[in-house]
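Reading the sequence shown from the start, the letters are residues -24 to -1, 1 to 563 in mature numbering (1 follows the signal peptide of the UniProt record, and there is no 0).
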Amino acid sequence: MRGKTSKKITLASALVVTASLALAGCGTTTTTSQAHPTSLKPQSGGTVVFALPADSNVNWYFPLMNGLNDSVYNAWVQNLMYKSLITLHSTGSINYQRSLASSIKPNAAGTKYVVTLHPNYKWSNGHSVTAKDVVFTWNLIKAASASNAPSPWPYVGAGTGDIPTGVKSVVANSTYQFTVTLNKPANQQWFIYNGLNQLTPLPQSVFDRYPTNMTQELTWLGKVATDPTSSVYHVVDGPFKLTQAVSSQKWTFVPNPTYGGHKAYVSKLIFQYETSGNAEFAALKTGSIQVGYLPNSLWGSRAALNANYNLSVENNLAYGDVLVNMNHGNSNASLNAPNGVGNIFKNLYVRQAMQMGINQNAINAASFHGNAVTEVGILPPKPKSIFFDPNLKTIYPYDPAKGVKLLKAHGWHEVNGVMTKGGQQLKFQLVYSSGSQSFVEEATLLQQGWAKEGIQVSLKAEPFSTIVGLTNNHWQMEDYGGISWGGSYPTGGGLFGKPGVGLDSQGYYNPTMAHLISLTHQPYATEKQSLQALYNFQAFVAHDLPVLWVPWPPAYNEVAKTVHIGSKYVSNPFTGGISPNYWWVSK
């Protein structure tokens, strides 16, 4: 599931993007030290200590989450214990060999989806994972998505992938097969990725505590969701079982002996809490962490770890952006952008000029050591993805002189260094995420680039959590981080479809964009036609600039040379998920 994420978190760890799917396959990466030969035979046993990003906790263990607890760390833990319907390759295609679903067969109209499950997956209490467990999950999702759902709901996935309102029924056809029927035709790939994959089977024999009272059931589930000691978590179908959870300390897992997929090699897996990036780096130097990360701020100290760790520079499927507050379509005028700037930003030529003032190459070099991805649109060119349009090129490269010319052509002229027109000035405040020198450098370079165009921008640092919580009348521009795709089908319904819906907090709206988004949701006779609709949408996003593009930082993973992760990537670049059941420790 896609979502906003902070660059500061990504700079602390490559492994932090919103995601909920397991690793499958490998992708492009840069490794700066030599790993053990891949011909070594995997060995069983050993312990792997995995470092969480600084000040990151696990606090929700039930696979259906509410908005407050929708985090990548919670998703990692859930996916160790509960098997998702589909597992994706690093480029985004479905790996049915590793998926719980052995096949998904949609009809030509995109209204029916027949899903067959692999019969070899069982719950650790001996019961098979069946279609009835999927139907049980569906009934919970429907109830938890309702406006009258009890606290701590509603379900965070409501509204994504037509879940639940677009679904007419979910019916078990047999023990290992079920059919999902939609109310209207949908793009098959879009629904499979964004809708169907939300139906992670849950053991009805364990969780159906109040079968005749759904309100009581949801209230109870909300309580056990945050209680790792509950006996409900003894029954899982994933590769690991949780044996200990100590908040702000560690979470310990052991292999699930009844897992129907690739069984874990390691004897124990520990997720370790870290108080700071410096503390994690110190732990790496002592060897007490086997899989961790190099904080971006300590890039210059990376050689200190080379003797015992392999460093990989990894790029995940996400994009960096700066939001400009357009307040376009807001019904409540009191929530419009301050000082009338929304009426300025909604002019495409202003956004075009501002993009021309962004020197992505300079930001990459100064902030991210040249390892970031220069963004061209809603999907990055790296890592490689089946959904990226290979013909898409940068439309508005850095050219402040051209930006000045464009503004002057629309009646703006400089007065004391600030572009002015009819009493209005191109004078704004940029709120950016605090806590990292790299953010300071990026914001400063943005400020300098725009100054060359007569656009005067003041800077204000705020915590990521503060920025994403600002109402529209309290910000003009935001550099909060960016959007992670997290295994989703990369269309824009929750991003640029309707102001105030999903992640469209900047108030952007264009009827052409809305139409192109709707076309990506429709069914097509061939995959080529479906991709072309997605490419058309991507091209318009790159042209119309609903956001301004800035580089997305890489992640620096450190893996002990005694640990082998089964691929070039620690995390799947398409989903951000991890698969520790493929990791092994050499003696």
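Just so it is clear, CB atoms sit at the ideal spot from N, CA and C, and this is done for glycine as well.
CB of residue i within 8 Å of CB of residue j, strictly
i: D46; j: V132; result: yes
i: L16; j: Y49; result: no
i: V211; j: P187; result: no
i: T396; j: G462; result: no
i: Y545; j: S66; result: yes
i: T87; j: T136; result: no
i: F344; j: P549; result: no
i: L194; j: A119; result: yes
i: M453; j: V298; result: yes
i: P366; j: N292; result: no
Residue i - containing alpha helix (DSSP H), residue span
i: Y511; result: E503 to D520
i: residue 565; result: With the chain represented from -24 up to 563, any question about residue 565 goes unanswered, as that position is not in the structure.
i: Q180; result: Q180 to F183
i: G432; result: Per the sequence shown, residue 432 should be read as Gln rather than Gly. Q432 -> not in any alpha helix (DSSP H); beta strand (DSSP E) instead, spanning Q432 to E438.
i: I117; result: A107 to S121
i: F550; result: Per DSSP, F550 belongs to no alpha helix (DSSP H) and is neither H nor E.
i: M57; result: V48 to M57
i: F404; result: Careful: F404 lies outside any alpha helix (DSSP H), inside the beta strand (DSSP E) at K403 to S409.
i: G296; result: That residue, G296, is in no alpha helix (DSSP H); its beta strand (DSSP E) goes A294 to V300.
i: Y169; result: Q164 to N170
i: L471; result: G469 to F472
Endpoints, beta strand (DSSP E) assigned at residue i
i: N319; result: Premise fails: N319 lies in the alpha helix (DSSP H), G318 to F321, not in any beta strand (DSSP E).
i: W525; result: L524 to V526
i: K88; result: K88 to L93
i: T23; result: T23 to A30
i: I80; result: A77 to P82
i: E534; result: A531 to A536
i: E146; result: Residue identity differs from the one stated: residue 146 is Val in this sequence, not Glu. Segment V143 to S150, the beta strand (DSSP E) holding V146.
i: L218; result: F216 to V222
i: Y500; result: Per DSSP, Y500 belongs to no beta strand (DSSP E) and is neither H nor E.
i: T155; result: Q153 to L158
Identity of the residue in the options nearest residue i by Cα
i: Q220; options: K244, A515, N101 and Y532; result: K244
i: I139; options: P126, T151, Q174 and P128; result: Q174
i: S206; options: G214, T195, L218 and D213; result: L218
i: K369; options: G399, E193 and P356; result: P356
i: V317; options: L402, A119, W525 and S100; result: L402
i: H103; options: T234, R185, W451 and G296; result: T234
i: W275; options: N284, G296, N347 and A283; result: N347
i: G296; options: S464, D213 and S409; result: S409
i: N312; options: V143, T447, T155 and Y97; result: T447
i: M41; options: D31, V53, V25 and F216; result: V53
i: L172; options: V182, S145 and R185; result: S145
i: I371; options: F440, A338, I362 and M330; result: M330
i: G198; options: I265, P130, P161 and Q508; result: P130
i: V407; options: A259, W451 and T141; result: W451
i: E290; options: V535, S78 and N254; result: V535
i: N149; options: V143, V90 and A134; result: V90
i: L507; options: F363, S434, H519 and V526; result: F363
i: T23; options: Q266, G458, T350 and F440; result: Q266
Residue i (DSSP reduced to helix, strand or coil)
i: H450; result: helix
i: M332; result: helix
i: K384; result: helix
i: P13; result: Low local confidence applies: a pLDDT of 47 at P13 is under 50, so the model's placement there is unreliable, with the coordinate-based value given in what follows. The answer is coil: DSSP assigns P13 none of H, G, I, E or B.
i: W227; result: strand
i: S264; result: coil
i: L422; result: helix
i: residue 593; result: The displayed coordinates of the chain run from -24 to 563. Any statement about residue 593 would go beyond what the structure contains.
i: A125; result: coil
i: V(-8); result: In this prediction, V(-8) scores a pLDDT of 33, lower than 50, which makes its location untrustworthy; no coordinate-derived value is stated.
i: N189; result: coil
i: I541; result: coil
i: Y97; result: coil
i: L197; result: helix
i: I554; result: coil
i: E351; result: coil
i: H65; result: coil
i: G133; result: coil
i: L175; result: coil
i: Y209; result: helix
i: W275; result: helix
i: I362; result: coil
Whole-number beta carbon distance between residue j and residue i, since they are thought to touch under 8 Å
i: L93; j: A84; result: 23 Å between Cβ atoms; not a contact.
i: Q482; j: M302; result: 6 Å
i: I334; j: L524; result: 6 Å
i: N170; j: Y511; result: Contact flag wrong, Cβ pair sits at about 18 Å.
i: F154; j: V110; result: 5 Å
i: E417; j: P376; result: About 19 Å; that fails the 8 Å criterion.
The ligand NAP heavy atom lying under 7 Å from the CB of residue i
i: S460; result: In the structure on display, the ligand NAP does not appear, and there are no ligands present to speak of.
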